[in-house]
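As numbered in my numbering, residues 21 to 108 make up the sequence shown, in order.
We put the beta carbon where it would ideally sit given N, CA and C, even for glycine.
Fair warning: this is a prediction, and the values are worked out from it, not measured in the lab.
Data block below; observations after.
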Amino acid sequence: MKPNNIGAAFTAFDGPEWRIKHSPGHGRRTDITVSVMGLQYADGNALREIMIDCPDTPIITPAEARKLGMALIAAADAAIRGIIEEST
């Protein structure tokens, strides 16, 4: 995870990111992005969140849904790994 020091009380970080290519038609492309991000506090505690970013609320194909599901599981695993790694 890439830390961005924004003060003594906590550090913001951006973790891994997954992009699902989504083309709803009409020559447009509105990719769906799944990202892990959060804050690392000075006391060692961390807040991790998973963000799903897409310009519109998409209607997706079954294949895109599977890719989104895999990206969400990978993001959750990455966030959990970070919690476990910090506590060891």
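Separation of residue 79 from residue 108, as counted between CA atoms: Here residue 108 refers to the residue found at position 88 when the sequence shown is read from its first residue. Here residue 79 refers to the residue found at position 59 when the sequence shown is read from its first residue. Here the model assigns residue 108 a pLDDT of 48, short of 50, so the residue's position is not dependable, and the following value carries that caveat. Spanning the two alpha carbons is a distance of roughly 41 Å.
For residue 64 and residue 71, what's the separation of their Cα atoms in angstroms? Within the sequence shown, residue 64 is the residue found at index 44, counting from 1. Within the sequence shown, residue 71 is the residue found at index 51, counting from 1. Cα to Cα, residue 64 sits roughly 22 Å from residue 71.
Can you check whether the CB of residue 99 is closer than 7 Å to the CB of residue 48? The count along the sequence shown starts at 1 and reaches residue 48 at position 28. The count along the sequence shown starts at 1 and reaches residue 99 at position 79. No.
Measuring alpha carbon to alpha carbon, tell me which of 29, 55 and 59 ends up nearest residue 36. Residue numbering aside, residue 36 sits at position 16 when the sequence shown is read from its first letter. Residue 36 has its Cα closest to that of 55, out of 29, 55 and 59.
Keeping to the same chain, check which residues put their C-beta closer than 8 Å to that of residue 92; ignore five residues upstream and five downstream. Locating residue 92 in the sequence shown gives position 72, where the first residue counts as 1. Counting only Cβ-Cβ distances below 8 Å, and skipping sequence neighbours, we find 54, 70 and 72.
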